[in-house]
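If you're matching them up, the sequences are chains D and H in order. 1 is the number of the first residue of the first sequence in the working numbering; add one for each residue after it. 1 is the number of the first residue of the second sequence in the working numbering; add one for each residue after it. Think of the CB as a built atom: it goes at the ideal place given N, C-alpha and C, for glycine as much as any other residue. Note that this is a predicted model, so its numbers are computed, not measured. Shown next, in structure tokens, is the structure this report addresses.
Protein chains: 2
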Amino acid sequence: MLNYKLIANIIGFLIMLDGLAMMAGIPFSLYYSDNDVNILLSTGSATALIGLIIYLLTRRHEKEIRKRDGYIVVSLGWIVMSLFGAIPFVIHGSIPNYTDAFFETMSGFTTTGASILNDIESLPHGLLLWRSLTQWLGGMGIIVLSLAILPILGIGGMQLFVAEVPGPTKDKIHPRIRETAKRLWIIYFLLTIAEIGLLMTGGMDLFDSVNHAFTTMATGGFSTKQASIAHFDSPFIHYVIIVFMLLAGTNFTLHYYVLHGKFSVLKTNEEFKFYLKVIFTITIVIAVSLFIKGYANPETSFRDALFQVVSMVTTTGYVTADYEIWGSSYQIIFFLILFIGGCAGSTGGGVKIVRHLLLIKNSFSELKRLIHPRAIIPVRFNESSVPGDIISNILAFFLFYIFIFVLGTIVMSLVGMDFLSAMGSVATSLGNVGPAIGSVGPSYNFAHIPGFGKWFLSLLMLMGRLELFTILLIFSPSFWKS
Amino acid sequence: MLNYKLIANIIGFLIMLDGLAMMAGIPFSLYYSDNDVNILLSTGSATALIGLIIYLLTRRHEKEIRKRDGYIVVSLGWIVMSLFGAIPFVIHGSIPNYTDAFFETMSGFTTTGASILNDIESLPHGLLLWRSLTQWLGGMGIIVLSLAILPILGIGGMQLFVAEVPGPTKDKIHPRIRETAKRLWIIYFLLTIAEIGLLMTGGMDLFDSVNHAFTTMATGGFSTKQASIAHFDSPFIHYVIIVFMLLAGTNFTLHYYVLHGKFSVLKTNEEFKFYLKVIFTITIVIAVSLFIKGYANPETSFRDALFQVVSMVTTTGYVTADYEIWGSSYQIIFFLILFIGGCAGSTGGGVKIVRHLLLIKNSFSELKRLIHPRAIIPVRFNESSVPGDIISNILAFFLFYIFIFVLGTIVMSLVGMDFLSAMGSVATSLGNVGPAIGSVGPSYNFAHIPGFGKWFLSLLMLMGRLELFTILLIFSPSFWKS
């Protein structure tokens, strides 16, 4: 039996939050005399009220929350917040179609950043802020989820990261979810403030700085400009955003330890080192080849390569240049980057660096096992050996990821997309990146995809964001057998 | 220390065989008064002589053959036979370029069937027969390899099939490689004879029947006609070839048991049942959709769908219709089929049905393990539970397969191919299929690929044919540490 009352209670609380957050942009709309003040006020307060009523009606519930309740709350949470969050766009008329509005909002809460908007600048400031805020809230959600909730649910080998940081509190940052959340959110908040300050120093106005800081820290990628970051012709702004994308794509427990003076974790954390190596290597290859091709001067070649690589690896999805026009090989490389993903415990999505690292290590161990069939060859990570069940969990994750990617590509081709665009749209949704290749490349958007395709991609964004298993379990018959 | 003398002795024997086999087509060339008799005679006897000399010089060797010697013999065997086998094409001038001739011959011995010939009918009969014979010999090689040698070497979870057939001789068909080989070759030979007879009954002449029987049984796919099987406008011939492709893609131990009256293996063998289900399901979907689209009458829609699906799943690569012009969704489906592969212990290449089946089963077990973390949930296959090390071996195989596919796609794009064609050429080479998509689709060939690309694809064919690990091990440093 599921604990329905408790589930409803938490969902009610989330709806309330959703409603309150919708109204956050009102000061900006008032300042810029936009036409969305009444709409934000009315839909926001109505949503908050609905949430409050559900919350109050289900106050008296059993305290015990079991694993299965956890899966349901997490999945439902993202869905319900997107269902309500889409309403202001429809009522205002800036996104008249509910399917489009839902796609945009799910793309926000999952920190994907795929957009259906053809003229972002035409939206009023309050709605734009709400759009960016969905990503920032999604990012907050995912930090708690990946570092405090999923490890308890045993999803996707995530147990690993809780135990990965050395030090006196070896097993967990803090035993209680609430405390863990609070500590991580403070870091998230401080980094956001810092980015706002630096972007304003670079000449961006307050509104754009707030929006971009929100969507950088969430590795979301929504921009207030149709041209994304390419709109801002300032190397300083580009570098600031690169640095904060890198920070957002890093495991937040590392930030926690670094802020407490334990710099040694940066040296011992294998995932972090591999993350930097991957980004650095791909950037150098691209930057050098672009420069040789006569693309631009060394600094611009390097900056454009670095920005695009960091943006795609961290699954942010900002753009300062269109890699599709660089050539066919670059297209393949950026398509492949869609499958990398940020670090575990970051706001980045995708397969994640740590899984790739462990898969690579395990593959080499397997070769050694063939040569020495009787030897025991463990996979080592951060100086301890990884239990076999975590390896098989990660392998299963990877297979499901590929399986869903393949199946998704077939579905999107049946919807009418060509092969490359179908692959790209599925990979970028599942990886929570944003831009892809073909007709959903950096210079295009998702507006032209038929309605069914948008609902399907929304599902993929959700599956990707919740580490696949959360959703797969709910769809599996054995979940519903008591 | 490798047993170099023994290795050289076996290789010498193989070169001798290679030379003798080159001359097999001479009777046809004499009958048709072709201009290749002298060339086949001279290169054939010279090759055989070289082989004989190496064989005799290394007669006195240690008898003991170790695993590492085995890997080397197997890899070198395929390479050396292709190196020599390419010579007659170059000397005759029908394939003036050695790179092209090597590609064609490696494509033959690995039973891939990818061709660089733009006018197959212009070749003399002796050379055409040699081309088909490379596939038939490659098929013979692979049966012994996969059912008698690889299980001993522990490659790719192949241990499984030796133990998969129930009955009095549970552990192995016959303990000694030589006896196993003899029994399986008799089956291979009898099936080839049967197909020749049936094709002639359908109106094909003796020469074409022999050639197509050779390349069907090897799941090779070389045809004596530029238009492949589409050249023969006879439903009877199409169905005969479909049946024999299906037989060639089946585990040969099943043929052995069926020929000895043990029909029950067909019912208990999960791989065989899954193989038929996969082919049947994909065929029905394609046939019905083709018919609805108004492609042809029901029988032709069914036959064309069935032929193409069987041809690609068994990794044969014959063509009676071009699926590329059916539409984008079909293109995706046939691209994906490149990754299926025939049954283990057949002449088919690719990932293989049994690996997919075990991966699927293991993935579902993994979901159950998440819900019941303390339960032991084994993967069951053919009524017994599969040991964990075989599962991890198969998972590692699959990851390496994907990794090589991805890396290969990048390499082929750097060679100048577009994204789809690069993916297709790599997938079809690694899977030993033949045709692919894009510029290497069923209506095209591999002639236009630059030289380096042809050598690279030849390597991929070899890797795929030898279940990856054989080659990967030789490239891995720990192999060479004593």
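Residues are counted here when their Cβ sits less than 9 angstroms from a Cβ of chain D; for the segment 305–324 of chain H the count is zero.
At a Cβ-Cβ threshold of 7 angstroms, residue 401 of chain D and residue 353 of chain D do not count as neighbours. Between residue 69 of chain D and residue 7 of chain D, the C-beta gap is smaller than 7 angstroms, which places the two residues in contact. Interface criterion not met: the Cβ of residue 21 of chain H is under 7 angstroms from no Cβ in chain D.
Around residue 301 of chain H, the same chain offers 287, 290, 291, 295 as residues with beta carbons nearer than 7 angstroms, after the five sequence neighbours per side are excluded. In the structure shown, residue 33 of chain D adopts coil according to DSSP, grouped into three states. With respect to residue 431 of chain H, residue 349 of chain H sits close: the two C-beta atoms are nearer than 7 angstroms. Of the other Cβ atoms in all chains shown, fewer than 16 fall within 10 Å of the Cβ of residue 38 of chain D; this residue is therefore exposed. The C-beta distance from residue 73 of chain H to residue 10 of chain H rounds to 5 angstroms, short enough to fall under 8 angstroms. In this structure, the straight-line span from the alpha carbon of residue 371 of chain D to that of residue 113 of chain D is close to 46 angstroms.
Among the bridge pairs identified by DSSP, residue 384 of chain H is matched with H:381. Think of a sphere of 7 angstroms around the beta carbon of residue 371 of chain D: the chain H residues whose beta carbon falls inside it are 473, 478, 479, in chain order. Here residue 222 of chain D is not near residue 122 of chain D, since their CB atoms are 7 angstroms or more apart. With a threshold of 7 angstroms between beta carbons, residue 366 of chain D makes contact with chain H.
In the three-state reduction of the DSSP assignment, residue 98 of chain H falls in the helix class.
The beta-carbon of residue 452 of chain H is placed no less than 7 angstroms from the nearest beta-carbon of chain D. Every alpha helix (DSSP H) stretch that sits fully inside the segment 72–142 of chain D and reaches 4 residues is listed by chain position as 87–92, 98–109. Using a Cβ-Cβ distance cut-off of 8 angstroms, the segment 244–253 of chain H and the segment 333–344 of chain H are in contact, since at least three pairs of beta carbons, one from each stretch, lie closer than that value. Chain-ordered, the chain H residues with CB closer than 7 angstroms to the CB of residue 409 of chain D read 332.
Listed by position along chain H, the residues whose Cβ is nearer than 9 angstroms to that of residue 393 of chain D are 366, 369, 370. At a beta-carbon threshold of 9 angstroms, the residues of chain D lying near residue 362 of chain H are 392, 395, 396, 399, ordered along the chain. Residue 449 of chain H: not part of any alpha helix (DSSP H); DSSP gives it neither H nor E.
Residue-level contact by beta carbon fails for residue 69 of chain D and chain H, as no gap is shorter than 7 angstroms. Between residue 88 of chain D and residue 58 of chain D, the C-beta spacing is not below 7 angstroms. Straight through space, the alpha carbons of residue 86 of chain D and residue 447 of chain D are spaced by roughly 16 angstroms.
When DSSP states are grouped into helix, strand and coil, residue 321 of chain H belongs to the coil group. Using a CB distance cut-off of 7 angstroms, residue 414 of chain D counts as an interface residue toward chain H.
Between residue 418 of chain D and chain H, the shortest Cβ-Cβ separation is below 7 angstroms. Using a Cβ-Cβ cut-off of 8 angstroms, residue 329 of chain D is close to 410, 413, 414 of chain H, given in chain order.
Within chain H, no C-beta atom comes nearer than 8 angstroms to that of residue 90 of chain D; the closest sits roughly 32 angstroms away. By the neighbour-count criterion, in which a residue is buried when 16 or more other Cβ atoms sit within 10 angstroms of its Cβ, residue 27 of chain D is exposed. In this structure residue 375 of chain H is exposed. Its beta-carbon is surrounded by fewer than 16 other beta-carbon atoms within 10 angstroms.
For residue 430 of chain D, not one C-beta of chain H is nearer than 7 angstroms to its own C-beta. Minimum Cα-Cα distance from residue 129 of chain D among the listed residues D:206, D:269, D:67, D:260 corresponds to D:206. Chain H has no Cβ within less than 7 angstroms of the Cβ of residue 128 of chain D.
Close partners of residue 406 of chain D in chain H (Cβ separation under 8 angstroms): 336.
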